[in-house]
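Asks:
Numbering (this note's numbering), first residue to last: 572 to 1124.
(1) Name the DSSP beta bridge partners of residue 982, please?
(2) How about residue 784 and residue 845: do their beta carbons lie closer than 8 Å?
(3) Please go through the same chain and pick out, in chain order, the residues whose beta-carbon is closer than 6 Å to the beta-carbon of residue 536, but skip the five residues on each side of it.
(4) Going by C-alpha to C-alpha distance, which of 731, 1078 and 615 sits closest to residue 623?
(5) Residue ranges of each alpha helix (DSSP H) run of no fewer than 4 residues wholly in the segment 837-914, ordered along the chain?
(6) What residues in its chain sit with their C-beta under 7 Å from that of residue 1103, if we drop five residues either side in the sequence?
(7) Please determine, among 606, 1055, 585 and 753, the residue with the shortest C-alpha to C-alpha distance to residue 1107.
(8) Do the CB positions of residue 858 and residue 629 come within less than 8 Å of each other?
(9) How would you write the range of the beta strand (DSSP E) that residue 752 sits in, first residue to last?
(10) Under the rule that 16 or more other beta-carbon atoms within 10 Å means buried, what is residue 645, buried or exposed?
(11) Starting from the C-beta of residue 664, find all residues in its chain whose C-beta is less than 8 Å away, skip the five residues before and the five after it, and write them out in chain order.
(12) Nearest to residue 722 by CA position, among 893, 1093, 1026 and 734, is which residue?
(13) I need the straight-line Cα distance from residue 804 to residue 997, nearest angstrom please.
(14) Identify which residue in 1021, 1059 and 902 has its Cα closest to the Cα of residue 777.
(15) Out of 899, 939, 796 and 947, which has the shortest C-alpha to C-alpha gap to residue 872?
(16) I need the straight-line Cα distance from residue 915 to residue 632, nearest angstrom please.
(17) For residue 993, count neighbouring C-beta atoms within 10 Å of its own C-beta (all shown protein chains included) and say buried if the count is 16 or more, exposed if not.
(18) Locate the beta strand (DSSP E) running through residue 707, then write down its first and last residues.
(19) Would the beta-carbon of residue 686 fall within 8 Å of that of residue 651?
(20) Determine the burial state of residue 1052: buried for a count of at least 16 other Cβ atoms within 10 Å of its Cβ, exposed for fewer.
(21) Apply the 10 Å Cβ neighbour rule to residue 1070 and answer buried if 16 or more other Cβ atoms are within range, or exposed otherwise.
(22) Output needed for residue 886: all residues of its chain with C-beta closer than 6 Å, excluding positions within five of it in sequence on either side, in chain order.
(23) Helix, strand or coil: which one does DSSP assign to residue 725?
(24) Among residues of its own chain, excluding the 5 on either side of residue 1088, which ones have a beta-carbon nearer than 7 Å to its beta-carbon?
(25) Residue 774 and residue 767: beta carbons closer than 8 Å?
(26) So the beta strand (DSSP E) residue 1002 belongs to, where does it begin and stop?
(27) Residue range of the beta strand (DSSP E) that residue 578 falls in?
(28) Of the residues 1063, 927 and 989, which one's Cα is nearest the Cα of residue 1014?
(29) If residue 1120 sits next to residue 1035, beta carbons under 8 Å apart, how far is it from one beta carbon to the other, in whole angstroms?
(30) CB-CB under 6 Å to residue 945, same chain, minus the five flanking residues each way: which ones, in chain order?
(31) Using 8 Å as the threshold, is the C-beta distance between residue 891 and residue 941 below it?
(32) What are the partner residues of residue 528, as DSSP defines its beta bridges?
(33) Determine the burial state of residue 798: buried for a count of at least 16 other Cβ atoms within 10 Å of its Cβ, exposed for fewer.
(34) Considering Cα atoms alone, identify which of 1000, 960 and 1012 is closest to residue 675.
(35) DSSP state of residue 1048, grouped into three classes?
(36) For residue 685, write down the residues that DSSP places opposite it in a beta bridge.
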């Protein structure tokens, strides 16, 4: 197929915090040199920058301070500094204990130098800065495939074809995707990016690493009533119930944002073993706990979203450079699970990638030397110092694992001034952890009350998700018979529960059991690509501009 071709020095895939930080820093470096500036292009699959961005989020400004030291005078959307910080242990569905500060692992402490933000709005602000520095940004264009040269080096990407019907035929509005050629391509798609997944396999970037581990984050925004006390900057994290009832791990959060809004969510580790577990339903009952429910009284849920989180840390972090490009941010897995923060680390990886690419371009090197930049940075030190946190929780559970984390961060490191000399790893794969239904107890979830808890269809409506209906399904089954012939009897087909958007259903048609994919519901969380026990589902980017339309997430 003939495609329009555009050539740039640098193409960045994804307008999240990592990709936009890389773009801004490259543009800044352009201004500091005398020669021909590098041409920079960012493509974003969301209809606008920020439309697919979802995070808690408590934000640490360290990387932003480096990128824009004067951000406080540049109308950056950071105003709600943390004023109150608490960690709760929900012992059961009625009771809780506040964990004393001295028993809370140090990385979980949040001070006034952290901010409760909308990451979507921060990305919109970063995009504005990038464009003012000369970066070209194209929202609504999803990167579909990677191009390689004869030697296997990356030479850029192709965007998705537009106007293709369900069976692959061109519709009257058909437009072929564009080939974007680049001397260097930066992949910043977010967690479990489909192109990042291809690169890791092609270049064996994860050789010798523990498997990547994931969680599913579910989030709602609630508008508090006018009469509610403004608690802007209040941060609450929780562990224990409801996930403790199924020996699963994860935790909840409740952040008071600006404009009298409340961000509430639940993070469910995807190494859970009971196939009857439904992360969305767990989130809905989490909100009924008295410690959480009290903040939602009289409020209205106005937004919903979900996103997978790469939480393996340094032990799972693949090599991030390869011939022709770099893999950065959550596409690689730079999140610091000990802090429950990934935005500042993603931004720093973008800054390091920009500096490595700028040096490589000046020296005419085909491969940026990102690894040296990374290992000499505070990002590496931060991930090294917290490398045991996630594995402790995975292997020993929230209580014992949390105690080990407290010992390491609150006692050992302050006394010895360096991290433990050993590394805890978890070599298991999340998708291999499900047990057969014969070995598990079904979980009885109460019906949503429409006040504090909701069903999946109404929640997906609040995400603003829209897709062109008549297009090829972007959720591919390697073997279409697996869900019914294998997973139904063994696991009661878990995709109908682990998907937080109701994409997968088991239905009866003319007396036959069928597996139905409602691709138009997809919020692009990537959970199916991660948790499917046979790794039979592959998520690929749909037509550009489709998916959720997050406004303030």
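C-beta: ideal position from N, C-alpha, C; glycine also.
Replies: The relevant details are as follows:
(1) If you number the chain shown from 1, residue 982 lands on position 411. Beta-bridge pairing links residue 982 to no other residue.
(2) Counted from its first residue, the chain shown places residue 784 at position 213. Counted from its first residue, the chain shown places residue 845 at position 274. If you check the CB distance, residue 784 and residue 845 do not come in under 8 Å.
(3) Lying outside 572 to 1124, the shown extent of the chain, residue 536 is not represented and no answer is given.
(4) Working through the chain shown from its first residue, we reach residue 623 at position 52. Of 731, 1078 and 615, the residue nearest in Cα terms is 615.
(5) Complete alpha helix (DSSP H) runs here, min 4: 850-857 and 861-867.
(6) If you number the chain shown from 1, residue 1103 lands on position 532. Hits under 7 Å: 1002 and 1066.
(7) Taking the first residue of the chain shown as position 1, residue 1107 is located at position 536. Selected option, being the one with the closest Cα: 1055.
(8) Within the chain shown, the letter at position 287 stands for residue 858. Within the chain shown, the letter at position 58 stands for residue 629. No.
(9) Taking the first residue of the chain shown as position 1, residue 752 is located at position 181. Residue 752 -> beta strand (DSSP E) spans 750-758.
(10) Mapped onto the chain shown, residue 645 falls at position 74. Its Cβ having fewer than 16 others within 10 Å, residue 645 is exposed.
(11) Residue mapping note: residue 664 aligns to position 93 of the chain shown, counting from 1. The residues are 812, 813, 856, 859 and 860.
(12) Translated into the one-based positions of the chain shown, residue 722 becomes position 151. Answer by Cα proximity: 893.
(13) In the chain shown, residue 804 corresponds to position 233, counting from 1. In the chain shown, residue 997 corresponds to position 426, counting from 1. Their backbone Cα atoms lie some 35 Å apart in a straight line.
(14) To locate residue 777, count along the chain shown from 1; it is residue 206. The option with the nearest alpha carbon to residue 777 is 902.
(15) The residue labelled residue 872 in the question sits at position 301 within the chain shown. For the residues 899, 939, 796 and 947, the minimum Cα distance to residue 872 belongs to 796.
(16) Taking the first residue of the chain shown as position 1, residue 915 is located at position 344. Taking the first residue of the chain shown as position 1, residue 632 is located at position 61. If I take the Cα positions, the gap works out to 7 Å.
(17) The residue given as residue 993 occupies position 422 in the chain shown. Residue 993 is classed as exposed because its beta carbon has fewer than 16 other beta carbons within 10 Å across all chains shown.
(18) On the chain shown, position 136 is the one that residue 707 refers to. Per DSSP, residue 707 belongs to the beta strand (DSSP E) from 707-710.
(19) Within the chain shown, the letter at position 115 stands for residue 686. Within the chain shown, the letter at position 80 stands for residue 651. Taking 8 Å as the Cβ cut-off, residue 686 and residue 651 qualify as a contacting pair.
(20) As a first step, residue 1052 is located in the chain shown; it is residue number 481 there, counting from the start. Residue 1052 should be labelled exposed.
(21) Mapped onto the chain shown, residue 1070 falls at position 499. Buried, since its Cβ has 16 or more Cβ neighbours within 10 Å.
(22) As a working mapping, residue 886 is identified with position 315 in the chain shown. Around residue 886: 781, 958 and 996.
(23) As a working mapping, residue 725 is identified with position 154 in the chain shown. DSSP places residue 725 in strand when its eight states are reduced to three.
(24) Locating residue 1088 in the chain shown gives position 517, counting from the first residue. Only 1044, 1046, 1074 and 1075 meet the Cβ criterion.
(25) Looking up residue 774 in the chain shown gives position 203. Looking up residue 767 in the chain shown gives position 196. Using a Cβ distance threshold of 8 Å, residue 774 and residue 767 do not count as a contacting pair.
(26) Start at 1 with the first residue of the chain shown, and residue 1002 comes out as number 431. Element bounds for residue 1002: n/a, residue is neither H nor E.
(27) In the chain shown, residue 578 corresponds to position 7, counting from 1. Unbroken beta strand (DSSP E) run through residue 578: 576-584.
(28) If you number the chain shown from 1, residue 1014 lands on position 443. Taking only the C-alpha atoms, the option nearest residue 1014 is 1063.
(29) Along the chain shown, one-based indexing puts residue 1120 at 549. Along the chain shown, one-based indexing puts residue 1035 at 464. Rounded, the Cβ-Cβ distance is 3 Å, consistent with contact.
(30) Looking up residue 945 in the chain shown gives position 374. Same-chain partners within the cutoff: 923 and 951.
(31) Position 320 of the chain shown, counted from the start, is the residue given in the question as residue 891. Position 370 of the chain shown, counted from the start, is the residue given in the question as residue 941. Taking 8 Å as the Cβ cut-off, residue 891 and residue 941 qualify as a contacting pair.
(32) Outside the modelled stretch of the chain, which goes from 572 to 1124, sits residue 528, for which no answer is possible.
(33) On the chain shown, residue 798 is found 227 positions in, with the first residue counted as 1. It is exposed - the Cβ of residue 798 has fewer than 16 other Cβ atoms within 10 Å.
(34) Here residue 675 refers to the residue found at position 104 of the chain shown. Per the Cα distances, 960.
(35) Taking the chain shown and counting its residues from 1, the one referred to as residue 1048 is at position 477. Residue state, collapsed to three classes: strand.
(36) Reading the chain shown from its first residue, position 114 is the one you call residue 685. Residue 685 is bridged to 631.
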